[in-house]
Amino acid sequence: MVNTNKQPARLESLLNNTELTNTISRNIIKVRKRISRAIKRAGRDSSKVRLIGVSKTFPKDYVIAATAAGVTNFGENRIQEGLNKASQIENKTNITWHFVGHLQSNKARKAVSAFTWIHSVDSLELLHRLEHAADEQKTSTKILVQVNLANEINKHGASIDETIQILHAGKMCHAVKICGLMILPPWSIDPEQSRPYFRQLHELRNSFLDKGFEPQMLSELSMGMSRDFDIAIEEGATIIRIGTAIFGHRQQKNIDTLLTER
Ligand SMILES: *Cc1c(COP(=O)(O)O)cnc(C)c1O
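Just so we're aligned, residue 1497 is where the sequence shown starts under the working numbering, counting upward by one.
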């Protein structure tokens, strides 16, 4: 058992389940308002933005509360935590799990068994391991290539050249399906600092389409978190990954983990 039980977030000690459900559903309403305002500003089609509730570090009750408010996609950044949480939720047929953290190649099997989407493929080796694992398990996994557009700052993510290699290799895969690109810009106090990264990812996608890659391999742009998802939507995000704005602040030690993972 991992820490999901050991880490009651602050909210949980204060709130019973009804209050938890109400608080989370109010948060989700606010997030949806921000989403629709950004979609309007950008003149985009609202069906083209998928909301993922990033439930990492929060116990299963938080996920259940968010499903009550209509969220069906959830993101985790640790395999075992995700597996445990999913197994604790009874009525999970409507839930789709996304892996958004850094994935080590040796965890490909478990990742494929627990997650429908993997947002963080950043090497050929990982792609091949996932293909092998998904094939073995007779399942199909949707993947995104995590691109690193800030080489000196981010530890994870593929360079542009590696991304091209992964896309080429992806054409030969049949158990995993590349669906697009993901980015995690360097953290900055000012969310506007994320905009150039979001814009560059969108432009990169367009340049890949010009090179002749199939549109189905490039239909998704996973970009934007609690602080900058409005900007990401303006810049073309099709998937936004929202933790804090829905579930509240994670405990400090988890935030520290998150920052060192970047
Ligand atoms: C934690 C995390 C998020 C959610 O972050 P918030 O700022 O809490 O919305 C999104 N994407 C990734 C990759 C994460 O690790």
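Every residue, glycine too, gets a C-beta built ideally from N, C-alpha and C. Computed from a prediction, not measured in an experiment: that's the story for all the values here.
Rounded to a whole number of angstroms, what is the C-alpha to C-alpha distance between residue i and residue j?
i       : j       : result
Thr1740 : Gln1600 : 25 Å
Pro1711 : Ser1616 : 19 Å
Lys1603 : His1652 : 16 Å
Thr1500 : Lys1707 : Summary for Thr1500: the model assigns pLDDT 46, below 50, so the residue's position carries little reliability, and this model does not support an answer.
Pro1682 : Ala1646 : 7 Å
Val1672 : Leu1626 : 7 Å
Glu1621 : Gly1666 : 12 Å
Leu1663 : Asn1512 : 47 Å
Ile1535 : Arg1574 : 31 Å
Arg1737 : Leu1697 : 16 Å
Ser1636 : Ser1722 : 29 Å
Ile1686 : Ile1660 : Note on identity: in this sequence residue 1686 is Asp, with Ile being the wrong assignment. Those two C-alpha atoms are separated by around 31 Å.
Ala1654 : Glu1586 : 37 Å
Asn1702 : Ser1718 : 15 Å
Ala1610 : Lys1634 : 13 Å
Ile1674 : Leu1714 : 8 Å
Phe1704 : Cys1669 : 18 Å
Phe1709 : Ala1733 : 19 Å
Thr1568 : Arg1695 : 27 Å
His1598 : Arg1522 : 30 Å
Gly1720 : Ser1690 : 8 Å
Arg1746 : Trp1593 : 19 Å
Gly1676 : Ser1583 : 28 Å
Asp1631 : Val1608 : 10 Å
Gly1539 : Glu1731 : 11 Å
Ser1542 : Ser1532 : 7 Å
Helix, strand or coil: which one does DSSP assign to residue i?
i       : result
Gln1642 : strand
Leu1599 : coil
His1698 : helix
His1761 : There is no way to answer for residue 1761, as the model of the chain reaches only from 1497 to 1758.
Thr1734 : coil
Lys1581 : helix
Phe1704 : helix
Ile1685 : coil
Thr1589 : coil
Ser1715 : coil
Arg1746 : coil
Alpha helix (DSSP H) containing residue i: first to last residue?
i       : result
Glu1632 : 1620-1632
Ser1722 : Premise fails: Ser1722 is in no alpha helix (DSSP H) and is neither H nor E.
Lys1556 : 1556-1564
Lys1606 : 1604-1610
Ile1525 : 1513-1538
Thr1740 : 1740-1743
Starting from residue i and walking both ways along the beta strand (DSSP E), at which residues does that stretch end?
i       : result
Leu1547 : 1546-1550
Ile1614 : 1613-1617
Ile1674 : 1672-1678
According to DSSP, residue i sits in a beta bridge with which residue or residues?
i       : result
Glu1572 : Phe1595
Ala1654 : Val1643
Thr1637 : Val1672
Confirm the yes/no value for this check: CB of residue i, any heavy atom of ligand 2, distance under 7 Å.
i       : result
Asn1573 : Ligand 2 is absent from the structure shown, which contains only ligand 1.
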